[in-house]
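Peer 1:
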Amino acid sequence: MAACRAQPAFCRGPHTLTVPAELFQENRQRLCERLKGKVPSGAIVLLQGGESQTRYCSDHEPIFRQESYFQWAFGVEEPDFYGAIEVDTGNTILFPPKLPDTYAVWMGKLLTCEDFKERYGVNEAHWSSDIPSILKGRNPAVLLTLKGLNTDSGNYSREAAFDGISQFKVDNEILHPEIMECVKPQTKKIIMKSIRPGVYEYQMESLFKHYCYFTGGMRGEAYTCICGTGDNGSVLHYGHAGAPNSKLVQDGDMCLFDMGCEYYCYTSDITCSFPANGKFTERQKGIYEAVYKSSRAVMAAVKPGVSWVDMHLLADRTHLEELKRLGLVTGDIDEMMKVRLGAVFMPHGLGHFMGLDTHDVGGYPEGTERSKEAGLKSLRTVRTLEQRMVLTIEPGIYFIDVLLDAAFNNPEQARFLVRERIDSHRGFGGVRIEDDIAITQDGMELMTCVPRTVEEIETLMEEGRRQPPMPLPQDMKKYVINHMLRYVIILKSQVCNNSDITEVCNSVSQVCNNSVSQVCNNSVSQVCNNSVSQVCNNSVSQVCNNSVSQVCINSVSQVCINSVSQVCINSVSQVCNNSVSQVCINSVSQVCNNSVSQVCNNSLQVSDTCSEHPFSCSG
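For what it's worth, UniProt numbering labels the leading residue of the sequence shown as 1, then goes sequentially.
1) My output table needs one value for residue 159: the three-state DSSP class, helix, strand or coil.
2) If you draw a straight line from the C-alpha of residue 62 to the C-alpha of residue 80, how long is it?
3) Any contact of the segment 207-221 with the segment 376-389, i.e. 3+ C-beta pairs under 8 Å?
4) Below 8 Å, how does it come out for the segment 304-312 and the segment 349-356: are there three or more Cβ pairs, yes or no?
5) Compare the Cα-Cα distances from residue 17 to each of 281, 262, 380 and 444 and report the closest residue.
6) Could you check where the beta strand (DSSP E) with residue 432 kicks off and where it finishes?
7) Inspect the CB distances between the segment 229-236 and the segment 421-434 and report whether three or more fall short of 8 Å.
8) Taking just the CA atoms, how far does residue 92 sit from residue 122?
9) Indicate the three-state DSSP secondary structure (helix, strand or coil) for residue 620 in the structure shown.
10) Roughly how many angstroms separate the alpha carbons of residue 378 and residue 137, rounded to a whole number?
11) DSSP puts residue 83 in a beta bridge; with which residues?
12) Under 8 Å Cβ to Cβ from residue 75, same chain only, skipping five residues before and after it: list those, please.
13) Using a threshold of 8 Å, state whether the C-beta atoms of residue 454 and residue 393 are closer than that.
14) Consult DSSP for residue 271 and reduce its assignment to one of helix, strand or coil.
15) Roughly how many whole angstroms lie between the Cα atoms of residue 396 and residue 144?
16) Skipping 5 residues on each side, what residues in its chain have a beta carbon closer than 7 Å to that of residue 340?
17) Strictly by DSSP, which residues pair up with residue 436?
18) How many whole angstroms separate the CB atoms of residue 195 and residue 255, which I take to be in contact at a CB cut-off of 8 Å?
19) Provide the residue(s) that pair with residue 197 in DSSP beta bridges, ordered along the chain.
20) Quick one: what does DSSP say residue 189 is sitting in, helix, strand or coil?
21) When you compare the CB positions of residue 281 and residue 418, do they come within less than 8 Å of one another, or not?
22) What first and last residue would you give for the beta strand (DSSP E) that runs through residue 229?
23) Taking residue 268 and residue 435 to be in contact with their CB atoms under 8 Å, please state how far apart those CB atoms are, rounded to whole angstroms.
24) To test your reading of the DSSP string, which unbroken alpha helix (DSSP H) runs of 4 or more residues are found completely within the segment 99-133?
25) Relative to the C-alpha of residue 274, which candidate in 37, 31 and 451 has its C-alpha closest?
26) Kindly list the residues whose CB is nearer than 6 Å to the CB of residue 50, restricted to its own chain and excluding five residues on each side of it in sequence; keep chain order.
27) Mind listing, in chain order, the continuous beta strand (DSSP E) runs of no fewer than 3 residues lying wholly within the segment 328-411?
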């Protein structure tokens, strides 16, 4: 936690968001207010933070991320902490781990308890090894520990434990529901401007991560990035270990990028959908605008007192109306709703709570039943909306083969589907528009600021097309060749004006130096099998033939007729080994057929070439 101002606060620099320690003090106070009257006087809340871990059996420590409930209550960045809150007074105690003095060599200055007290704005700080004695001195009526089910994940929160806890009366039932009730986009523009057909999905993921960290100090992501293009856009949680954003983006692909950053453990969750080439086709535009209309219909309806289930059904109805307008379904919309046809195209829920976890807690309070109907069973909450709730609104339309096939085999649903039109959209992928909102007193506040209409997206992407494209690793072969051509140009006078083959060979060895071995994989015998007389037609002067400028080229494909590996050989010693005959490539007919100009597809002047390739042509 950096001292960005006089009071304790978290920030990563003056250009990033400052989170004051008062936020966590207010959180603790709200929790105490909820507990008063429900627990005996003298009760103490005891929470355990996340533990430091290593990667399997190695000593590598992955980047630590705090346990969400502990973060909400204390805002502590480091692992292995405990925290206690006296319900009656709100007095707060942190218990950091006491590290061995030798750790200072590896970790820098070790903080004291007083340092942690000031850093996190708490009343007291003591080493975690002293928890039993410190708590015993408070004589708590009961220790309130956290144990409860996360209805979204199906996992239980971890209950605090320490040596000696058996000395105290512990209640692990009341805290979970009470604390659960208390807890409840520039980067995407860069991605839209930068994407081109020919990049890989993971390269866009990399750009997102870099921008979040470089400009916002956000070291981690809220969840695994979903960078689906083409048919991958229909995979709802694409990007997992078995499908790691590895597809090459094609011209005409629709992109569905669902990515969120995390700052001080607080998450964001935004999805943008757009065409890879910057221009919507009529088909892409039709599906996109159907989802956009659904998104805005829900936004216009949300406010305190509204049922989230009703909002999901509103999105379903809007989708079906638009799909009918586009000719993909036909028939009565009310009848489609009865057979849950909307879930064929949007199998997930409309949105979810968001906070210290992407899918935050509180969606299904105790006693709440989950629907068994398609689509509705995937809702992450069914609650009535209240002021201060933070949620996502993320309608989508997808063409998922397994769901479409099942619908065609279901007579109740198949009668509404226009097979020819549906089948023409297989492979399309999907469109999702996800925004983050906060419920206000009379409506909602939109917290997402990215282009959303077709016109806004195309305008932004056109701006990106006017900028130089970023260099890509897959284009590096071009740069290596251009680097070598720099030396070819420098040597033209030596080659053209010197008939001494020995001197020419010496010059060639200077040209290639150490870079030759990086360019090709073939052996000397595969590269050259001809004589000097065949290369130069018996005369060095014919190598140049007054047109050395024709040697330079614009792209890797123009270097030689077959492959880059034919350009040169594995080491400098193989370039010139007493004979220039080893400079040839595969056959004389491919390199010199009466004229060096046949090496390239284009004929460029030296001055033109120098201005275009990325390396300096000055000697």
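All C-beta atoms in this analysis are idealised placements derived from N, C-alpha and C, irrespective of residue type, glycine included.
Peer 2: To lay it out plainly:
1) Along the sequence shown, read from residue 1 onward, the residue named residue 159 stands at position 159. Residue 159 carries a coil assignment under DSSP once its states are collapsed to helix, strand and coil.
2) Along the sequence shown, read from residue 1 onward, the residue named residue 62 stands at position 62. Along the sequence shown, read from residue 1 onward, the residue named residue 80 stands at position 80. A direct Cα-Cα distance of roughly 14 Å separates residue 62 from residue 80.
3) No, the segment 207-221 does not touch the segment 376-389.
4) Result yes; three or more Cβ-Cβ pairs closer than 8 Å.
5) Within the sequence shown, the letter at position 17 stands for residue 17. Among 281, 262, 380 and 444, the Cα nearest to that of residue 17 is on 262.
6) Taking the first residue of the sequence shown as 1, we reach residue 432 at position 432. Looking at the DSSP string, the run of the beta strand (DSSP E) that includes residue 432 is 430-432.
7) Output reads yes: the segment 421-434 touches the segment 229-236.
8) Sequence index remark: in the sequence shown, residue 122 carries index 122 (1-based). Sequence index remark: in the sequence shown, residue 92 carries index 92 (1-based). Approximately 6 Å, taken between the alpha carbons.
9) Residue 620 is absent from the structure shown; the chain starts at 1 and stops at 619.
10) Taking the first residue of the sequence shown as 1, we reach residue 378 at position 378. Taking the first residue of the sequence shown as 1, we reach residue 137 at position 137. Approximately 48 Å, taken between the alpha carbons.
11) The sequence position of residue 83 within the sequence shown is 83, counting from 1. Residue 83 has 47 and 94 as its beta-bridge partners, per DSSP.
12) Along the sequence shown, read from residue 1 onward, the residue named residue 75 stands at position 75. Within the same chain, 1, 10, 19, 21, 23, 24, 120 and 264 come within 8 Å of residue 75 by CB-CB distance, once the 5 residues on both sides are set aside.
13) One-based indexing of the sequence shown puts residue 454 at position 454. One-based indexing of the sequence shown puts residue 393 at position 393. Not a contact, by the Cβ cut-off of 8 Å.
14) Sequence index remark: in the sequence shown, residue 271 carries index 271 (1-based). Residue 271 falls in the strand class under three-state DSSP.
15) Against the sequence shown, residue 396 aligns to sequence position 396. Against the sequence shown, residue 144 aligns to sequence position 144. In this model, residue 396 and residue 144 are separated by some 42 Å (Cα to Cα).
16) The sequence position of residue 340 within the sequence shown is 340, counting from 1. Cβ neighbours of residue 340 beyond the five flanking positions: 373, 374 and 375.
17) For the purposes of this step, residue 436 is taken as residue 436 along the sequence shown, with counting starting at 1. Under DSSP, residue 436 forms a beta bridge with 392.
18) For the purposes of this step, residue 195 is taken as residue 195 along the sequence shown, with counting starting at 1. For the purposes of this step, residue 255 is taken as residue 255 along the sequence shown, with counting starting at 1. For a cut-off of 8 Å, the C-beta gap from residue 195 to residue 255 is around 7 Å, short enough to register as a contact.
19) For this step, residue 197 is matched to residue 197 along the sequence shown. For residue 197, the beta-bridge partners assigned by DSSP are 199.
20) Start at 1 with the first residue of the sequence shown, and residue 189 comes out as number 189. Helix at residue 189.
21) As a first step, residue 281 is located in the sequence shown; it is residue number 281 there, counting from the start. As a first step, residue 418 is located in the sequence shown; it is residue number 418 there, counting from the start. No, Cβ-Cβ distance for residue 281 and residue 418 is not below 8 Å.
22) Taking the first residue of the sequence shown as position 1, residue 229 is located at position 229. Membership of residue 229 in the beta strand (DSSP E) is indicated by the continuous run 226-229.
23) Residue mapping note: residue 268 aligns to position 268 of the sequence shown, counting from 1. Residue mapping note: residue 435 aligns to position 435 of the sequence shown, counting from 1. With 8 Å as the limit, residue 268 and residue 435 do not qualify as a contact, their Cβ atoms being about 10 Å apart.
24) Considered as a whole, the segment 99-133 harbours 104-107 and 113-120 as its complete alpha helix (DSSP H) runs of no fewer than 4 residues, in chain order.
25) Sequence index remark: in the sequence shown, residue 274 carries index 274 (1-based). It is 451.
26) Position 50 of the sequence shown, counting from 1, holds the residue named residue 50. Sequence-distant Cβ neighbours of residue 50 in its own chain, meaning closer than 6 Å and more than five residues away, are 66, 67 and 79.
27) For the segment 328-411, the full-length beta strand (DSSP E) segments reaching 3 residues or more read 390-393 and 396-398 along the chain.
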